[in-house]
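> Chains as they are written, first to last, in the numbering used here: chain B, 1 to 325; chain H, 326 to 686.
Before we start, here is the structure in question, set down as structure tokens.
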Amino acid sequence: METLKSNIQNNKQLYMLVIIFLALFILMSILSPSKFLTSNNISSMMFQMSELGVLAIGMSIVILTGGINLALSHSSMLAAIIGTLVMQAMVSAGMNPLLTILAGIIVIIAVSLILGAINGFFIAYVGVLPILVTLGTRSVFEGIGLNITKGSALSGYPPEFNFIGNGVFLGIPFPFLIYVAVIIVSTLLIQRTAWGMSVYMIGGNVKATELSGINTKKVLMGVYIICGILCGIAGVIMASRYSSARTDYGSSYVMQAVTAAVLGGTDINGGEGTIIGTVIGVAILQVISSGLNILGVNRNFVDIIIGAILIAVLTIRFFSNINER
Amino acid sequence: MRRALMATLAVLLILSMLVACSQTSTSTPPTSEPEQKTPVEETKAPETSDNNGQTGEEGKVWKIAVMPKLIGIPYFNASEVGALKAGEDLGVDVQYVGPTNADATEQVKMIEDLINQGIDALCVAPNDPAALSPVLQKAKDAGIVVLDWDTPANPDDVVYSINQVDQEEFARLYYDKAVEIAGKDDFKYAILTGGLNAANLNNWIDLGLKYAKEKYPKLELVTERIPTDESQQLAYQKTLELLSAYPDLEVILGYSTPTPLGAAMAVREKNLNDKVVVIGSSTPKDSVQYLEDGSLDAGLLWDPSQLGYLTVFAAKEVLEGRELKDGQEVPNVGKVTVNGKVVVMGPPSIWTVDNAKDYDF
Chain B
1 METLKSNIQN NKQLYMLVII FLALFILMSI LSPSKFLTSN NISSMMFQMS
51 ELGVLAIGMS IVILTGGINL ALSHSSMLAA IIGTLVMQAM VSAGMNPLLT
101 ILAGIIVIIA VSLILGAING FFIAYVGVLP ILVTLGTRSV FEGIGLNITK
151 GSALSGYPPE FNFIGNGVFL GIPFPFLIYV AVIIVSTLLI QRTAWGMSVY
201 MIGGNVKATE LSGINTKKVL MGVYIICGIL CGIAGVIMAS RYSSARTDYG
251 SSYVMQAVTA AVLGGTDING GEGTIIGTVI GVAILQVISS GLNILGVNRN
301 FVDIIIGAIL IAVLTIRFFS NINER
Chain H
326 MRRALMATLA VLLILSMLVA CSQTSTSTPP TSEPEQKTPV EETKAPETSD
376 NNGQTGEEGK VWKIAVMPKL IGIPYFNASE VGALKAGEDL GVDVQYVGPT
426 NADATEQVKM IEDLINQGID ALCVAPNDPA ALSPVLQKAK DAGIVVLDWD
476 TPANPDDVVY SINQVDQEEF ARLYYDKAVE IAGKDDFKYA ILTGGLNAAN
526 LNNWIDLGLK YAKEKYPKLE LVTERIPTDE SQQLAYQKTL ELLSAYPDLE
576 VILGYSTPTP LGAAMAVREK NLNDKVVVIG SSTPKDSVQY LEDGSLDAGL
626 LWDPSQLGYL TVFAAKEVLE GRELKDGQEV PNVGKVTVNG KVVVMGPPSI
676 WTVDNAKDYD F
């Protein structure tokens with residue numbers, strides 16, 4: 001009964017988000033029909049939202065447990081930097097480009113997984129608050145990255161590597177295809193498995209979840225590892241899209257990922273939210289950002305508008321929750 | 326369901342209000358003009374026509390986008406003034422747009438959106454040359470003239486690179502000025518920098534260190550360059566720490582505009598105005614109060630509004646099929662030196678207590 005009720009609740013929120021998205025899309029199309037509603041622009045929006053989308057899904061899963069991951073973009077980039085070093089070495093050794101790329105991708109995702117596990121260890125087993133742990137690891141990852149790169153960007157991939165972030169497959173931007181795959185897998189994992197259920201339960205009440213016989217530490221560890229893997233995937237996309245890796249790429253994504261997750265209906269205290277909600281949240285941010293850029297609106301106003309929409313949606317949600325209780 | 330609809334309407338209302346008010350407040354009047362020409366046709370026109378007229382025969386206005394590393398800091402606000410003034414003077418439509426924080430990935434997205442918007446020229450101060458390279462190639466493929474300014478992009482990506490000063494000359498000036506003011510060439514000194522990621526700052530510091538090694542071998546750098554996150558407050562804290570860690574410190578060199586001001590604040594608080602020399606790249610208006618009591622000894626910079634002006638001027642010249650010449654006199658800017666793709670605005674300016682008040686940035 002409870003779940004049924006919260007399901008309806010969630011669906012209602014999703015309807016609202018979809019309507020906001022469509023309304024914004026139509027509004028932007030009316031405001032600049034010859035520029036916004038073009039295949040070029042739709043395609044570049046798909047390119048742009050993929051990397052943020054993957055990171056935002058990672059952030060949502062962490063927020064579902066009541067945590068947060070401030071080291072998000074720095075994990076991606078440290079992993080990408082190490083992966084770049086490996087690829088550079090293999091390129092200069094004259095190895096097969098496809099093999100090099102494959103090795104690079106594996107290294108990036110593996111390193112990012114380990115970085116996620118480091119976060120997870122301190123949060124789940126040592127019991128430090130997620131915001132503190134990830135604030136710390138953020139500086140550590142950045143520091144290590146800076147030491148390796150001396151502040152500049154590393155590049156030198158096999159040319160084929162560019163396809164991952166910049167290529168088009170069957171008319172669809174390739175990073176978007178990766179994003180769709182991530183959406184499907186994480187939705188199944190979080191919303192259709194017993195493990196996913198325990199993620200929600202931890203966000204609702206850790207003590208009660210532990211008493212019900214679930215190993216919450218193990219689940220939390222898993223959550224941060226999955227977030228790490230998603231950071232790695234985003235790292236691969238970004239390294240390819242910008243054909244280089246540098247510590248501060250995507251540093252503005254951390255707060256955007258939180259915004260997208262919360263806008264998409266994820267409760268910042270944990271326990272509530274859906275992957276698809278976050279996906280729509282990302283899409284809304286993208287339409288606003290691209291639409292207003294095309295109109296030539298000052299970026300400061302874009303931030304104000306995004307902030308205003310976030311506050312409006314949260315306020316409405318707050319009042320509608322009170323009314324229904 | 327009804328509530329959801331109401332909510333959506335409310336959000337849309339707020340949004341449309343914000344869009345409306347932001348459009349009136351951006352200072353680029355021609356954007357609201359109904360121009361529906363395709364950008365490709367626009368860019369092809371200049372090569373054949375050699376009109377030097379302001380707006381061209383058909384009343385066509387060049388659309389030039391100028392993108393700083395970020396918006397909302399005094400330095401880039403000043404260059405905006407110059408860029409927009411050039412737009413008015415030269416009869417071109419200048420759009421000054423940039424991200425709200427210095428992130429290369431944000432710049433890439435904004436440039437993609439500008440390409441879709443349809444512009445004739447893009448002048449960009451890249452937060453990272455490598456990251457912007459693919460998107461700048463994309464812009465070139467779309468027929469857009471690409472220049473860099475303030476910070477160099479990859480040379481292959483641009484027609485011209487507009488530099489504020491000769492990099493080497495500027496790097497040397499720090500040391501020459503420090504030796505001059507300190508009155509000796511065997512002092513202990515420290516370097517504060519805006520950030521370890523900033524390529525231009527690193528370049529100046531590296532060139533300066535190399536120069537010091539040859540010219541002033543007795544100078545002693547007490548510790549590695551210290552990052553201050555482009556924050557005056559952090560520069561202030563770091564300087565306080567430096568002053569207590571190295572009581573015999575005599576010179577502080579500050580790179581990036583907030584840094585020397587923070588250092589001067591700390592020197593003033595410790596009453597070391599006469600003992601410690603602070604030199605750095607600061608904007609004159611903010612420097613005045615520190616120059617007056619001697620906590621800051623000299624500000625080294627250029628006029629960013631002139632840089633903005635020159636950038637737009639250069640973009641228009643390229644769009645109309647002209648080349649920039651070495652020694653060319655640019656209105657409101659002065660003589661520029663041109664060496665291949667590299668355009669240098671002129672010698673750096675030095676702010677002292679006497680002249681700093683005359684500037685409005």
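Beta carbons: idealized from backbone N, C-alpha and C, even for Gly.
Tell whether a beta-carbon distance below 8 Å holds between B/Gly273 and B/Leu64.
One-based indexing of the first sequence puts residue 273 of chain B at position 273. One-based indexing of the first sequence puts residue 64 of chain B at position 64. Contact flag set, yes.
> Using only the alpha-carbon positions, how far apart do H/Thr518 and B/Ile144 sit?
Here residue 518 of chain H refers to the residue found at position 193 of the second sequence. Here residue 144 of chain B refers to the residue found at position 144 of the first sequence. Their Cα atoms are separated by approximately 19 Å.
> Distance check for B/Leu70 and B/Gly136, CA to CA, integer angstroms please.
Indexing the first sequence from 1 puts residue 136 of chain B at position 136. Indexing the first sequence from 1 puts residue 70 of chain B at position 70. Looking at the two C-alpha atoms, the distance is approximately 9 Å.
> Does any CB atom of chain H fall closer than 8 Å to the CB of B/Tyr157?
The residue you call residue 157 of chain B lines up with position 157 of the first sequence. Output row for B/Tyr157: interface = no.
> Return the residues of the stretch 81 to 93 of chain B that lie within a Cβ-Cβ distance of less than 9 Å from chain H, sorted by chain order.
none
> Can you find a CB in chain B that lies within less than 8 Å of the CB of H/Gly533?
For the purposes of this step, residue 533 of chain H is taken as residue 208 along the second sequence, with counting starting at 1. Closer than 8 Å: no.
> For B/Ile268, name the three-state secondary structure that DSSP assigns.
Numbered from 1 along the first sequence, position 268 holds the residue referred to as residue 268 of chain B. In the structure shown, B/Ile268 sits in coil (DSSP, three-state: anything other than H, G, I, E or B).
> With a threshold of 8 Å between beta-carbons, can B/Ser244 be considered close to chain H, or not?
Along the first sequence, one-based indexing puts residue 244 of chain B at 244. Yes, B/Ser244 counts as interfacial toward chain H.
> If we call anything under 8 Å between Cβ atoms a contact, is H/Lys650 one with H/Leu415?
The count along the second sequence starts at 1 and reaches residue 650 of chain H at position 325. The count along the second sequence starts at 1 and reaches residue 415 of chain H at position 90. No, they are not a contact pair.
> If you run the structure through DSSP and keep just helix, strand and coil, what is B/Trp195?
By 1-based counting over the first sequence, the position of residue 195 of chain B is 195. Note: B/Trp195 maps to helix in three-state DSSP.
> Excluding the 5 residues preceding and the 5 following B/Ile108 in the sequence, name in chain order all residues of the same chain whose CB lies nearer than 8 Å to its CB.
On the first sequence, residue 108 of chain B is found 108 positions in, with the first residue counted as 1. Hits under 8 Å: Ala79, Ala80, Ile82, Gly83, Gly232, Gly235, Val236, Ala239.
> Cutting at 6 Å between CB atoms, please list the residues of its own chain near H/Gln348, excluding the five before and the five after it.
Position 23 of the second sequence, counting from 1, holds the residue named residue 348 of chain H. With a pLDDT of 47 at H/Gln348, under the threshold of 50, the predicted position of this residue should be treated as unreliable, though the coordinate-derived value follows. So no residue of the chain qualifies.
> By DSSP, does B/Ala124 sit in helix, in strand, or in coil?
As a first step, residue 124 of chain B is located in the first sequence; it is residue number 124 there, counting from the start. Collapsing the DSSP output to three states places B/Ala124 in a helix.
> Output needed for B/Phe21: all residues of its chain with C-beta closer than 6 Å, excluding positions within five of it in sequence on either side, in chain order.
Locating residue 21 of chain B in the first sequence gives position 21, where the first residue counts as 1. These residues qualify, in order along the chain: Ile280, Ala283, Ile284.
> Could you check the C-alpha separation between H/Tyr541 and H/Asp511 for me, to the nearest Å?
In the second sequence, the residue the question calls residue 541 of chain H occupies position 216. In the second sequence, the residue the question calls residue 511 of chain H occupies position 186. Whole-angstrom Cα-Cα distance: 8 Å.
> Kindly indicate if chain H contains any beta-carbon less than 8 Å away from that of B/Arg299.
Locating residue 299 of chain B in the first sequence gives position 299, counting from the first residue. Judged by the 8 Å Cβ criterion, B/Arg299 is in contact with chain H.
> With H/Gln432 and H/Pro454 assumed to form a contact (beta carbons below 8 Å), what rounded beta-carbon distance in angstroms separates them?
The sequence position of residue 432 of chain H within the second sequence is 107, counting from 1. The sequence position of residue 454 of chain H within the second sequence is 129, counting from 1. In fact, because the Cβ distance is near 11 Å, the residues do not count as touching under 8 Å.
> Along chain H, which residues have their Cβ under 7 Å away from the Cβ of B/Ala153?
Taking the first sequence and counting its residues from 1, one reaches residue 153 of chain B at position 153. Simply Asp453, Ala455, Ala456.
> Run through the DSSP bridge pairs and tell me what H/Lys388 is partnered with.
For the purposes of this step, residue 388 of chain H is identified with residue 63 of the second sequence, where counting begins at 1. H/Lys388 has H/Asp418 as its beta-bridge partners, per DSSP.
> Who are the neighbours of H/Gly423 on chain B, taking C-beta pairs under 7 Å?
As a first step, residue 423 of chain H is located in the second sequence; it is residue number 98 there, counting from the start. The contacting residues are Arg299.
> Quick one, which residues of the stretch 425 to 443 of chain H are near chain B if we go by CB-CB under 9 Å, in chain order?
Thr425, Asn426, Ala427, Asp428, Ala429, Thr430, Glu431, Val433, Lys434, Met435, Glu437, Asp438, Leu439, Ile440, Asn441, Gln442, Gly443
> At least one CB of chain H closer than 8 Å to the CB of B/Asp303: is that the case?
In the first sequence, residue 303 of chain B corresponds to position 303, counting from 1. Chain H, which has a Cβ nearer than 8 Å to the Cβ of B/Asp303, makes this yes.
> Per DSSP, what are the beta-bridge partners of H/Asp270 in this structure?
Since the first residue of chain H shown is 326 and the last is 686, residue 270 of chain H is not available in this structure.
> Examine chain B for any beta-carbon lying closer than 8 Å to the beta-carbon of H/Ala560, and answer yes or no.
Working through the second sequence from its first residue, we reach residue 560 of chain H at position 235. It does not: the Cβ of H/Ala560 has no partner Cβ on chain B nearer than 8 Å.
> Closer than 7 Å, Cβ to any Cβ of chain B: which residues of the stretch 521 to 546 of chain H, in chain order?
Leu521, Asn522, Ala524, Asn527
> Can you give me the C-alpha to C-alpha distance between H/Glu372 and H/Glu645, rounded to a whole angstrom?
Locating residue 372 of chain H in the second sequence gives position 47, counting from the first residue. Locating residue 645 of chain H in the second sequence gives position 320, counting from the first residue. Summary for H/Glu372: the model assigns pLDDT 39, below 50, so the residue's position carries little reliability; its value from the coordinates is reported in the next sentence. Between H/Glu372 and H/Glu645, the C-alpha separation is close to 7 Å.
> Which residues of chain B have a Cβ atom closer than 9 Å to the Cβ of H/Ile420, listed in chain order?
Numbered from its first residue, the second sequence carries residue 420 of chain H at position 95. At residue 420 of chain H the sequence reads Gln, which differs from the Ile that was named. Those are Gly296, listed as they occur along chain B.
> Three or more beta-carbon pairs under 8 Å between the stretch 622 to 640 of chain H and the stretch 396 to 412 of chain H, yes or no?
The stretch 622 to 640 of chain H is in contact with the stretch 396 to 412 of chain H.
> In whole angstroms, give me the CA-to-CA distance for H/Ala427 and B/Val62.
Within the second sequence, the letter at position 102 stands for residue 427 of chain H. Within the first sequence, the letter at position 62 stands for residue 62 of chain B. Rounded to the nearest angstrom, the gap between the Cα atoms of H/Ala427 and B/Val62 is 27 Å.
> With a cut-off of 8 Å, does the C-beta of H/Pro480 fall near any C-beta of chain B?
In the second sequence, residue 480 of chain H corresponds to position 155, counting from 1. No, because no Cβ of chain B sits closer than 8 Å to the Cβ of H/Pro480.
> Judging by CA-CA distance, which residue of H/Tyr615, H/Gly587, H/Tyr485 is the nearest neighbour of H/Asp599?
Mapped onto the second sequence, residue 599 of chain H falls at position 274. When each option's Cα is compared against that of H/Asp599, the closest is H/Tyr615.
> Going by the DSSP bridge assignment, what does H/Leu546 pair with across the sheet?
Taking the second sequence and counting its residues from 1, the one referred to as residue 546 of chain H is at position 221. BP columns for H/Leu546 point to H/Tyr514.
> For chain B, check one thing: does any of its Cβ atoms lie closer than 8 Å to the Cβ of H/Ile396?
Translated into the one-based positions of the second sequence, residue 396 of chain H becomes position 71. With 8 Å as the cut-off, H/Ile396 counts as an interface residue toward chain B.
> If you measure between the beta carbons of H/Lys509 and H/Tyr571, is that distance less than 8 Å?
Here the question's residue 509 of chain H lines up with position 184 in the second sequence. Here the question's residue 571 of chain H lines up with position 246 in the second sequence. No. Outside cutoff.
> Express the C-alpha separation of B/Gly204 and H/Met392 in angstroms, rounding to a whole number.
Taking the second sequence and counting its residues from 1, one reaches residue 392 of chain H at position 67. Taking the first sequence and counting its residues from 1, one reaches residue 204 of chain B at position 204. Roughly 45 Å separates the two Cα atoms.
> Where does H/Asp481 land, buried or exposed, given buried means 16+ other C-beta within 10 angstroms?
To locate residue 481 of chain H, count along the second sequence from 1; it is residue 156. Answer is exposed; the Cβ neighbour count stays below 16.
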